[in-house]
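Step one of this worksheet: look at the structure below.
Protein chains in written order, with the numbering used here: chain A, 32 to 146; chain B, 405 to 516.
Have a look at this one:
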């Protein structure tokens with residue numbers, strides 16, 4: 032079975048540009064999570080969805096960040112406008128509610144560099 | 405106080421030794437605890453979960469939980485160079501069980 036699929040794997044952009052990161056969760060999983068990882072702050076939860084509905088977005092750093100999940104098989108994380116401090120690896124993860132939601136399956140990540 | 409705390413390391417052990425990784429958490433109501441392993445440049449992968457006080461063994465790995473002390477640990481017996489990675493402790497938020505909080509991770513180096 033395919034795992035969590037993220038795109039792009041690498042993104043280099045200039046400050047002020049819009050960035051869109053994409054995620055396809057594992058089929059049948061009804062939880063989807065967006066995390067950001069940096070050396071300084073570690074792995075931070077940005078937002079998570081249950082059955083396509085955003086449940087907790089308290090980790091979204093500011094209004095420049097937005098996330099959507101239009102259907103069970105697709106989610107986006109958008110940064111507009113991007114800033115150098117947004118440079119990080121962004122992970123998408125999914126899990127299913129019949130298991131424990133702590134058992135996350137991570138995608139390979141999207142490495143974002145904002146110049 | 406951070407919600408989940410780990411010593412960042414690096415923790416260096418010789419091949420064949422026992423590696424002991426520790427984690428403390430602040431949410432006394434948390435019920436679910438996890439250890440993830442992350443190789444350099446890769447994504448985290450779940451290696452152990454534990455939900456009740458005591459020990460849970462899986463092969464060379466043993467997770468230990470003490471809720472009274474708000475303490476979780478991971479023991480790796482007969483450490484191998486392939487165990488060299490960053491180990492992330494993760495805890496479910498008691499008020500929001502879908503929310504998984506990660507520690508900063510401990511880097512383990514197993515020297516041949």
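For each residue, glycine too, the CB sits at the ideal point set by N, CA and C. In this text, all values refer to a predicted model and were calculated from it rather than measured experimentally.
Cβ of residue i within 9 Å of any chain A Cβ
i: residue 468 (chain B); result: no
i: residue 448 (chain B); result: yes
i: residue 494 (chain B); result: yes
i: residue 502 (chain B); result: yes
i: residue 453 (chain B); result: yes
i: residue 433 (chain B); result: no
i: residue 474 (chain B); result: no
i: residue 437 (chain B); result: yes
i: residue 508 (chain B); result: yes
i: residue 505 (chain B); result: yes
Identified DSSP bridge partners for residue i
i: residue 126 (chain A); result: A:62
i: residue 70 (chain A); result: For residue 70 (chain A), which the question treats as bridged, DSSP gives no partner whatsoever.
i: residue 103 (chain A); result: BP columns for residue 103 (chain A) are empty, so no partner.
i: residue 142 (chain A); result: A:41, A:120
i: residue 81 (chain A); result: A:62, A:84
i: residue 426 (chain B); result: B:477
i: residue 454 (chain B); result: B:437
i: residue 35 (chain A); result: Answer is none; residue 35 (chain A) lacks a bridge partner.
i: residue 76 (chain A); result: A:66
Proximity test, Cβ basis, 9 Å: residue i and chain B
i: residue 76 (chain A); result: yes
i: residue 88 (chain A); result: no
i: residue 81 (chain A); result: yes
i: residue 105 (chain A); result: no
i: residue 64 (chain A); result: yes
i: residue 151 (chain A); result: As shown, chain A starts at 32 and ends at 146. That puts residue 151 (chain A) outside it, with no answer to give.
i: residue 143 (chain A); result: no
i: residue 52 (chain A); result: no
i: residue 108 (chain A); result: no
i: residue 42 (chain A); result: no
i: residue 45 (chain A); result: no
i: residue 146 (chain A); result: no
i: residue 134 (chain A); result: yes
i: residue 114 (chain A); result: no
i: residue 139 (chain A); result: yes
Check whether residue i and residue j have beta carbons under 9 Å apart
i: residue 480 (chain B); j: residue 408 (chain B); result: no
i: residue 447 (chain B); j: residue 47 (chain A); result: no
i: residue 42 (chain A); j: residue 106 (chain A); result: no
i: residue 497 (chain B); j: residue 434 (chain B); result: yes
i: residue 122 (chain A); j: residue 67 (chain A); result: yes
i: residue 92 (chain A); j: residue 77 (chain A); result: yes
i: residue 436 (chain B); j: residue 474 (chain B); result: no
i: residue 465 (chain B); j: residue 478 (chain B); result: yes
i: residue 118 (chain A); j: residue 51 (chain A); result: no
i: residue 440 (chain B); j: residue 492 (chain B); result: yes
i: residue 39 (chain A); j: residue 125 (chain A); result: no
i: residue 120 (chain A); j: residue 45 (chain A); result: no
Chain D within 9 Å of residue i, Cβ atoms only
i: residue 96 (chain A); result: Among the chains of the structure shown, chain D does not appear; the protein chains present are A and B.
The segment 100 to 110 of chain A contacting the segment 80 to 87 of chain A, beta-carbon criterion three pairs below 8 Å: yes
Length at least 3, wholly inside the segment 458 to 504 of chain B: the beta strand (DSSP E) runs in chain order: 458 to 462, 465 to 470, 475 to 480, 489 to 497
With a cut-off of 8 Å, do at least 3 Cβ pairs link the segment 501 to 512 of chain B to the segment 423 to 431 of chain B? yes
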